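>
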Amino acid sequence: MNPSGQAKTTAIVAYLTIIGTIISYFMNMDTKDPFASFHIRQAFGIHITFYLIGALMGLFDEGFIVGAFYVFFIVLWGYGLVMAIQGEAKEVPFLGPLFQKWFSTIS
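Letter by letter, the sequence shown follows residues 90 to 196 in the numbering used here.
(1) Among Asn-117, Ser-126, Tyr-140 and Ile-142, which has the Cα closest to the Cα of Glu-177?
(2) List the whole-angstrom C-beta distance separating Gly-134 from Phe-188, where the pair is believed to meet the contact cut-off of C-beta under 8 angstroms.
(3) Determine the burial state of Ile-159: buried for a count of at least 16 other Cβ atoms within 10 Å of its Cβ, exposed for fewer.
(4) Going by DSSP in three states, Leu-165 sits in which element: helix, strand or coil?
(5) Using a Cβ-Cβ cut-off of 6 angstroms (strictly less than) and excluding sequence neighbours within five positions of Phe-162, which residues of its own chain qualify?
(6) How many angstroms separate the CA atom of Trp-166 from the CA atom of Met-118?
(7) Tell me the DSSP secondary structure of Thr-120 in three-state form.
(8) With a threshold of 8 angstroms between beta carbons, is Arg-130 in contact with chain D?
(9) Classify Ala-178 as helix, strand or coil using the three-state DSSP reduction.
Here it is, written out as structure tokens:
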């Protein structure tokens with residue numbers, strides 16, 4: 090896949106916080122680029138899952154569990170961001186296929 094410069098920019102912005110994902114969604118409203126849509130779904134899934142599971146992590150007082158949680162999401166986030174920068178539409182490990190399925194209405 091060889092995405093346009095605008096599609097790559099939109100995909101990269103999607104990974105820069107949940108606000109970036111919302112901005113990317115609106116940036117992609119007119120063009121509906123499949124590459125940008127793919128990464129918007131991935132980034133949205135990463136951010137939403139982070140906040141939902143993060144709320145549960147607040148119940149744990151064990152640094153190891155919380156630390157492992159942060160490492161897991163940093164790896165997912167970093168992988169998605171690198172794929173967007175490289176212009177590749179590869180799903181993040183473990184959860185990526187689910188994000189594509191759950192958020193299929195985001196285009």
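Heads up, the beta-carbon is just placed ideally off N, CA and C, and yes, glycines get one too.
Being a predicted model, the structure only gives us computed values, none of them experimental.
Considering the structure as presented:
(1) Of the candidates Asn-117, Ser-126, Tyr-140 and Ile-142, the one whose C-alpha sits nearest the C-alpha of Glu-177 is Ser-126.
(2) Their Cβ separation, rounded to whole angstroms, is 3 angstroms, which keeps Gly-134 and Phe-188 in contact under 8 angstroms.
(3) The question names Ile, yet the displayed sequence has Tyr at residue 159. Under this definition Tyr-159 is an exposed residue.
(4) Taken through DSSP and simplified to helix, strand or coil, Leu-165 comes out as helix.
(5) Here the set comprises Phe-139.
(6) Approximately 23 angstroms between the Cα atoms of the pair.
(7) Reduced to three states, the DSSP call for Thr-120 is coil.
(8) Given the protein chain composition of this structure (a single chain), no chain D is represented.
(9) Coil, per DSSP.
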